[in-house]
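Chemist: Okay, handing you the structure first.
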Amino acid sequence: MSLSNMKVGTKLGLGFGAVIVLLVVVAAIGISNIRALNNDMNDLITDKFPKTVWSNEVISDINVIARAMRNMLLENDKAKIDQELDRLIAARKNILSNLDKLKEKITTEKGKEYLQKIYDARAKYVGGQDRFIELVKAGKQSEAKDLLLAEIRDTQREYTNAIADLIKFQSDLMTETGEKASKDAVSARNQMIMLTVIAALLGTILAYLIVRGLLKQLGGEPDYAAGVAQKIAEGDLSMAIATKQGDTTSLLASMKAMQEALKRIVGDVQRIVEAANKGDFSIKLDKESHKGFAKDIATELNQLSDTVDGAFNDTIRVAQALAAGDLSQKVTKDYTGAFNQVKVAVNTTADSLTKIVAEIQGIVDAANRGDFSTKMDLSGKAGYTKTLSDLLNQLSDTVDGAFKDTIQVAQALAAGDLSQKVTRDYQGAYNDVKVAVNGTVDALTQIVAEIQQIVEAAAVRGDFSVKMNMAGKAGYTKTLSE
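Note that my numbering has the sequence shown beginning at 3, numbered continuously upward.
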């Protein structure tokens, strides 16, 4: 029988037993002694072993210094001697760095004693180095050699021995730590065996109790409960959920109750949405018939319906007022998001129209006074407001230009000047005025020319037979000609 075909009781029994065994092993090792083993290993890796490494690096740098001093005695080239001196100084710096690390990490009294011996030996060794360097720099190779063989070699030996003592001390501590770790491992093994036996017994009992309680809590097999939950999660509320007789507390019983609650809230939501799609926001959900999250949903949907209804009513009221030419209406309630955007747009439209009407009133009032210099302000306008303002300004410019052209010709006629005419192109009534004014100028010009011909004929040639041409004349031109 495969694991997938087992019942939940069998699965949980086997799984719980296996988990208990694993937890016993992990808990026994982790809680009892692994922490101690880990501390010992960390102590070896991060404390004792690095100390031996730093100590050995000090010895290595001492050897570098020794070779450098030897090479300084063997070399005659100053550049090479300086090169060896640089190596010596660099090794000194490395030694100081490692000794500082040791000083920071060594905390036992015994370790501090060994470290102090190293510092004391180093002071002697460095003092000899300094004298050696001065002799080499002064070219006293022979004296430097004697100093190296007689004194420095002994202080170096004392120096390295002091470091070796510290290394041995740290090595002994590492050995002690390793032995302690071994003992801890044996103890961990014994505890693991004991705890495993106890945990296996407890695991068997707990597995039985948990399986029985779990099946009671689920109200059926987990696969069936999972299938029901999956259907509800996918939004399928049509599945009939089977529960045991009298079961009102299990998971399946709760899912069945949740399914019924979801059906009710979905039905109510569907009803209010259908009404809203028809433009009817008067339908509300009965909050008291729902509980918990369903009641919250009903409350929120009712609030949404009220908000949408209010926003639409406010917008319709202002739009109807605008359509009727009433600019006094505005949306005054506070809204947020898209509702506020609609409010701002509607109110801005009313404000824009109010402003344009006021500007047009100003232009009309000025025009009634004969002033066509007042124009619509185009700043900040766009769309139809800008187009309307542009057209009104064009109309004002056209009327202003037509009046100015007519006035100019009329003033010239009043002054006896027949040389002025309206020359710009106009249309409609403006062109009729232009034709009439220019026709007056032409008629007067023609009469003046004819009179001038009669006067010249009579005064110059004594000929009174020349007469005014009456054809086409009417009004004052005909009277004057007669």
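From the three backbone atoms N, C-alpha and C, an ideal C-beta is built for every residue, glycine too.
Is there contact between the segment 232-249 and the segment 46-64, where contact requires at least three CB pairs shorter than 8 Å?
Modeler: Short answer: they don't touch.
Chemist: When the Cα of Asp444 is compared with those of Thr479, Val462 and Met472, which residue comes out closest?
Modeler: Cα-wise, what sits closest to Asp444 is Thr479.
Chemist: Under 8 Å: do the segment 90-109 and the segment 146-156 share three or more Cβ pairs, one atom per stretch?
Modeler: No, the segment 90-109 is not in contact with the segment 146-156.
Chemist: Just to confirm before moving on: does the CB-CB distance between Glu86 and Ala68 stay below 8 Å?
Modeler: Not a contact, by the Cβ cut-off of 8 Å.
Chemist: Could you tell me if Gly294 is buried or exposed, where buried requires 16 or more neighbouring beta carbons within 10 angstroms of its beta carbon?
Modeler: Label assigned to Gly294: exposed.
Chemist: Hey, would you say Thr162 sits closer than 8 Å to Lys126, going by beta carbons?
Modeler: No, they are not a contact pair.
Chemist: Hey, Ala201 and Ile22 are a contact pair by Cβ (cut 8 Å); roughly how many whole angstroms apart?
Modeler: Indeed they touch by this definition, with Cβ atoms about 5 Å apart.
Chemist: Identify whether Asp328 lies in helix, strand or coil by the three-state DSSP scheme.
Modeler: Residue state, collapsed to three classes: coil.
Chemist: Figure out for me which residue from Ala451, Gln448, Lys423 and Val450 has the closest Cα to the Cα of Ala438.
Modeler: Answer by Cα proximity: Lys423.
Chemist: Would you mind reading off the limits of the alpha helix (DSSP H) that contains Asp84?
Modeler: Per DSSP, Asp84 belongs to the alpha helix (DSSP H) from Lys80 to Lys107.
Chemist: Below 8 Å on the Cβ atoms is my guess for Asp174 versus Tyr116; work out the distance and round it to an integer in Å.
Modeler: Wrong, their Cβ atoms sit about 11 Å apart, outside the cutoff.
Chemist: For the ligand PLP, is there a heavy atom less than 7 Å away from the beta-carbon of Gln219?
Modeler: Among the ligands in the structure shown, none appear at all, so the ligand PLP cannot be discussed.
Chemist: Please report how far the alpha carbon of Leu5 lies from the alpha carbon of Ala228, in whole angstroms.
Modeler: Low local confidence applies: a pLDDT of 49 at Leu5 is under 50, so the model's placement there is unreliable, with the coordinate-based value given in what follows. Approximately 18 Å, taken between the alpha carbons.
Chemist: Going by DSSP in three states, Met71 sits in which element: helix, strand or coil?
Modeler: Of the three classes helix, strand and coil, the one that applies to Met71 here is helix, per DSSP.
Chemist: Output the distance between the C-alpha atoms of Ala417 and Val411, rounded to the nearest integer angstrom.
Modeler: Their Cα atoms are separated by approximately 10 Å.
Chemist: Whose CA, out of Ala384, Thr376 and Gly339, lies closest to the CA of Thr351?
Modeler: Ranking the options by Cα distance to Thr351, first place goes to Ala384.
Chemist: When burial is assigned at 16 or more other CB atoms within 10 Å of the CB, is Ala164 buried or exposed?
Modeler: It is buried - the Cβ of Ala164 has at least 16 other Cβ atoms within 10 Å.
Chemist: In the structure shown, what three-state DSSP assignment does Arg155 receive?
Modeler: If DSSP states are grouped into helix, strand and coil, Arg155 belongs with the helices.
Chemist: Between which residues of its own chain and Asn349 is the CB-CB distance below 7 Å, once the five residues before and five after are set aside?
Modeler: So the list reads Lys332 and Val333, once near-sequence residues are dropped.
Chemist: Which residue wins for smallest C-alpha separation from Ile362, given the options Thr376, Arg371, Asp353 and Gly372?
Modeler: Here the closest residue by C-alpha is Thr376.
Chemist: What is the rounded straight-line gap between the Cα of Ala146 and the Cα of Arg133?
Modeler: Looking at the two C-alpha atoms, the distance is approximately 8 Å.
Chemist: Do Gly221 and Ala263 have their C-beta atoms within less than 8 Å of each other?
Modeler: No, they are not a contact pair.
Chemist: Hey, quick one: how far does the alpha helix (DSSP H) through Ser252 stretch, first residue to last?
Modeler: Per DSSP, Ser252 belongs to no alpha helix (DSSP H) and is neither H nor E.
Chemist: Quick check on the DSSP output: what are the complete alpha helix (DSSP H) runs of length 4 or more inside the segment 114-195, in order along the chain?
Modeler: List check, alpha helix (DSSP H) in window: 143-149.
Chemist: Buried or exposed for Ala123, please, with buried defined as at least 16 other CB atoms from any protein chain shown within 10 angstroms of its CB.
Modeler: It is buried - the Cβ of Ala123 has at least 16 other Cβ atoms within 10 Å.
Chemist: Are the beta-carbon atoms belonging to Val26 and Leu303 less than 8 Å from one another?
Modeler: It is not a contact, given that the beta carbons lie outside the stated cut-off.
Chemist: Quick one: what does DSSP say Leu390 is sitting in, helix, strand or coil?
Modeler: Here Leu390 sits in helix by DSSP.
Chemist: Quick check on the DSSP output: what are the complete beta strand (DSSP E) runs of length 3 or more inside the segment 251-323, in order along the chain?
Modeler: Runs found: none.
Chemist: Pull up the distance between the alpha-carbon of Ile33 and that of Arg94, whole angstroms please.
Modeler: Computed Cα separation, rounded: 46 Å.
Chemist: Cutting at 6 Å between CB atoms, please list the residues of its own chain near Asp270, excluding the five before and the five after it.
Modeler: Result list for Asp270: Leu287, in chain order.
Chemist: From the DSSP output, in three-state form, read off Lys77 for me.
Modeler: With the sequence shown as reference, residue 77 is identified as Glu, and Lys is not the correct amino acid for it. Three-state DSSP puts Glu77 in coil, outside helix and strand.
Chemist: For Thr481, does the count of other Cβ atoms within 10 angstroms reach 16, so buried, or fall short, so exposed?
Modeler: It counts as exposed.
Chemist: Taking the runs of the alpha helix (DSSP H) that are 4 residues or longer, which of them lie wholly in the segment 384-452?
Modeler: The segment 384-452 contains these whole alpha helix (DSSP H) runs: 385-416.
Chemist: Alpha carbon to alpha carbon, what distance is there between Phe341 and Phe283?
Modeler: Straight-line Cα distance between these residues: approximately 16 Å.
Chemist: Does DSSP put Arg37 in a helix, in a strand, or in coil?
Modeler: Here Arg37 sits in helix by DSSP.
Chemist: So, with DSSP's three-state summary, where would you put Thr338?
Modeler: Here Thr338 sits in coil by DSSP.
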